[in-house]
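Here the structure comes first, spelled out in structure tokens, and everything after it is commentary.
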Amino acid sequence: MYKGKITELLGSEFPIIQAPMAGVQDSTLAIAVCDAGGLGSLPCGMLSADKIESEIKTMQAATDKAFNLNFFCHAMPPHDVEQQGVWRETLRPYFDELGSAPEHHSGGASRLPFSHEVADAIEPYHPRVISFHFGLPSPELVTRVKSWGCAVLSSATTLQEALWLEAHGADAIIAQGIEAGGHRGMFLTDDVTTQLGTLALVPQIAHNVRIPVIASGGIADGRGIKAALTLGAEAVQLGTAYLLCSEAKTSPLHRHAIATPRAEHTALTNLFSGRPARGIVNRAMRDLGYLSALAPQFPYASAEMSALRALAEPHGRDDFSPLWCGQNTSGCVAISAAELTLLLASESGMCPLQ
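According to the UniProt record's numbering, the sequence shown is numbered sequentially starting from 1.
Here's what the structure looks like:
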């Protein structure tokens, strides 16, 4: 079995982390990965404190392995009523087409940052690993989490972000290449031209920080894992590869898109949440532009787009669905997450195939 400092930090058998993927998974996927020797992750950014507790209890009852709790730590901007109104008017033709009105569907934020309230909820369960997206929470919250003996991970999309994370208390850095699906973890800049591919990002970070680096983005199989480790990473994080697994909650429309040539065309877009995120190109992205200045700030853009999605999907349309997906779907197979984790470990030479 593969053993090293990073697996001791993570509490896993293999240096393989299943990326947290809000909206397409719950604890079921994470449990399967943990039991196979990887580090399963639970996305908590869209869950209430009560739901997070419920999911933790489910995981602790199902497995004695360590798991990762993932949170957003963005600063919440004030709700811009005027900008939200502009956004509703921009989307009105689509609502008209679907026989509804945007005023009937406007709502609040769907993604909330890590807080003391959430910390109060999870502290009694002594989480082994917590990861953050969009930087780190306040120094007070970081100190509180680390006082539990918890390993703190966070995503960096540039060398500057990696150095910042190391200086502010992260125990390991997830180097998120531009190939990765879902939201970019960028937090020191909003300039997408600064975003590097995994092949360029990982060695730059590994050369300049003293803490472990976890490679993420475009890794789909054992060859990708070996390459990432050769470049200086001590572990890898994969999300897209798990999207077709039996334990994933990926919708039928999303699964179909991944399994077709459409998945060859992904792009960064801010339409679905207000922040750049990579997904399979669909009608909304083509019509409105991938990165639109009209979209409200994160996370407020999601209210109306989620409503359009709910109206369209029952008719077999993914026009307004966030089809989060990385650039490399070659590792997507419809098997269990446990089978996939063991296959990845075997292909990369971490263990014999069981």
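Backbone N, C-alpha and C define an ideal beta-carbon position, used for all residues, glycine too.
Helix, strand or coil for residue i, going by three-state DSSP, please let me know.
i                : result
valine 24        : coil
phenylalanine 71 : strand
glutamine 327    : coil
glutamine 297    : coil
residue 374      : The question about residue 374 has no answer here: the residues shown for the chain are numbered 1 through 354.
arginine 278     : strand
histidine 105    : coil
Taking C-alpha atoms, which residue in the options lies nearest to residue i?
i              : options                           : result
arginine 278   : Asp50, Thr329, Asn70 and Cys73    : Thr329
proline 299    : Ala162, Pro78 and Ile173          : Pro78
isoleucine 178 : Val202, Trp164 and Pro124         : Val202
leucine 229    : Phe320, Ala156, Met76 and Thr198  : Thr198
arginine 184   : Glu161, Gly169, Ala167 and Ala170 : Glu161
leucine 238    : Leu39, Gly85 and Gly23            : Leu39
leucine 112    : Ala66, Ser48, Gly135 and Ser100   : Ser48
isoleucine 17  : Gly349, Cys351 and Ala337         : Ala337
Here's the rule I'm using: 16 or more other beta-carbon atoms within 10 Å means buried, otherwise exposed. How should residue i be labelled?
i              : result
valine 236     : buried
histidine 133  : buried
histidine 207  : exposed
serine 147     : exposed
aspartate 26   : buried
proline 252    : exposed
methionine 1   : Interpretation of methionine 1 is limited by its pLDDT of 46, a score under 50 that renders its predicted location unreliable; the figure taken from the coordinates is listed afterwards. Classification for methionine 1: exposed.
histidine 116  : exposed
arginine 128   : buried
valine 81      : exposed
glutamate 247  : buried
glycine 45     : buried
alanine 220    : buried
arginine 275   : buried
serine 138     : exposed
alanine 61     : exposed
isoleucine 205 : buried
lysine 65      : buried
proline 314    : exposed
At what residues does the beta strand (DSSP E) containing residue i begin and finish?
i              : result
isoleucine 258 : Note, isoleucine 258: premise wrong, no beta strand (DSSP E); alpha helix (DSSP H) at 252 to 258.
valine 333     : First-last for valine 333: undefined, no H or E at that position.
leucine 268    : 266 to 269
histidine 133  : 129 to 133
serine 41      : 41 to 43
Quick one: give me the first and last residue of the alpha helix (DSSP H) that residue i is part of.
i                : result
proline 322      : Per DSSP, proline 322 belongs to no alpha helix (DSSP H) and is neither H nor E.
phenylalanine 95 : 81 to 97
alanine 303      : 302 to 312
proline 77       : Run containing proline 77: none; DSSP gives neither H nor E here.
alanine 19       : That residue, alanine 19, is in no alpha helix (DSSP H); it is neither H nor E in DSSP.
leucine 238      : Per DSSP, leucine 238 belongs to no alpha helix (DSSP H); it is in the beta strand (DSSP E), 235 to 238.
methionine 285   : 283 to 288
Any heavy atom of the ligand ATP closer than 8 Å to the Cβ of residue i?
i           : result
cysteine 34 : Among the components modelled here there is no ligand, and therefore nothing to report on the ligand ATP.
Establish whether the CB of residue i and some CB of chain C are separated by less than 9 Å.
i            : result
aspartate 64 : The structure shown contains no chain C; it holds only a single protein chain.
Taking only runs of the beta strand (DSSP E) that begin and end inside the region 157 to 225, which ones reach a length of at least 3 residues, in chain order? The region 157 to 225 contains these whole beta strand (DSSP E) runs: 172 to 176 and 213 to 216.
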